[in-house]
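What follows is a set of notes on a single structure, which appears directly below.
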Amino acid sequence: MSDARPCRIVGDVSDLPESASGAKHLVCWGNIGFMAIEGTAFALAAGTYLYLLSQTQGWPPAGTRPPDLFWPAVLTLGLLLSEIPNLWVRCRAIAKDEWGVRFGTLGMTIFGLLLLILRGIEFAHLNVHWSDNAYGSLTWMLIILHTSHLITDIGDTAVQAVWLFTHEVGDDQFADVEDNANYWTFVVLSWLPVGALIYLAPRLG
893 MSDARPCRIV GDVSDLPESA SGAKHLVCWG NIGFMAIEGT AFALAAGTYL
943 YLLSQTQGWP PAGTRPPDLF WPAVLTLGLL LSEIPNLWVR CRAIAKDEWG
993 VRFGTLGMTI FGLLLLILRG IEFAHLNVHW SDNAYGSLTW MLIILHTSHL
1043 ITDIGDTAVQ AVWLFTHEVG DDQFADVEDN ANYWTFVVLS WLPVGALIYL
1093 APRLG
């Protein structure tokens, strides 16, 4: 005698879309979780910086000049301006504009590389080496932490640009471009408090 039981349909999912974007896409929530983790890392680094600042007489120590302001000001302006094409690319992804996301990600890659050059110049104007003292170590830690996010997102954008120009663009690719644009906004906004610690805190003590 067969022990098999008849199948029972508990729901019909045939009308559900094959793909999604924004908060309906699982990758979006993964991206949000990643930004939360990285934001916590920034907060811990900033807390360490502020704690040692409060426990040290002279910040920076005597004989050490605060970082120069010109190049970080140029970089900060560039980061803020980059949000204009970045938000445009995000809108093109939501609108499922194939050529818009292709040329938009290419443009953001070029923009990002230019900003990375500015960051390289910025390193040369910190006026302290990471091994000089605790102030130097924390200053370099903060700027390297943010630089790692710059490199990560620029690299991701470059890979997306190559993929979009060499493959068919579907709903999943549009969702990926949207998530990448959201992450770039996180990179830009996270620099504002980090940059304030590096360049303003030594001048307020």
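Taken in order, the sequence shown gives residues 893 to 1097; the numbers are from our numbering. Built from N, CA and C at the ideal position, the CB exists for glycine as well.
Does the Cβ of Ser1082 have 16 or more other Cβ atoms within 10 Å, making it buried, or fewer, making it exposed?
In the sequence shown, the residue the question calls residue 1082 occupies position 190. With 16 or more other Cβ atoms within 10 Å, it is buried.
Do you know whose CA, among His1041, Trp1055, Thr1049, Ala1053, lies nearest Val1080's CA?
Looking up residue 1080 in the sequence shown gives position 188. Ranking His1041, Trp1055, Thr1049, Ala1053 by Cα distance to Val1080 puts His1041 first.
DSSP three-state call for Gly931: helix, strand or coil?
Reading the sequence shown from its first residue, position 39 is the one you call residue 931. In this structure, Gly931 counts as helix in the three-state DSSP scheme.
Three-state secondary structure (DSSP) at Pro977?
By one-based count along the sequence shown, residue 977 stands at place 85. Helix, per DSSP.
Just checking my contact of Leu1034 with Val1086 at CB under 8 Å: how many whole Å lie between their CB atoms?
Reading the sequence shown from its first residue, position 142 is the one you call residue 1034. Reading the sequence shown from its first residue, position 194 is the one you call residue 1086. Rounded, the Cβ-Cβ distance is 5 Å, consistent with contact.
Taking buried to mean at least 16 other C-beta atoms within 10 Å of its own C-beta, is Leu943 buried or exposed?
Position 51 of the sequence shown holds residue 943. Here the sequence assigns Tyr to residue 943, which means Leu is not the residue at that position. With fewer than 16 Cβ atoms within 10 Å of its Cβ, Tyr943 is classed as exposed.
I need the boundaries of the alpha helix (DSSP H) containing Ser1082, first residue and last residue.
Your numbering for residue 1082 matches position 190 in the sequence shown. Ser1082 -> alpha helix (DSSP H) spans 1063-1091.
If you compare alpha carbons, which of Leu1007, Cys983, Asn1025 is closest to Val966?
As a working note, residue 966 is residue 74 in the sequence shown. If we check each option's Cα against that of Val966, Leu1007 comes out closest.
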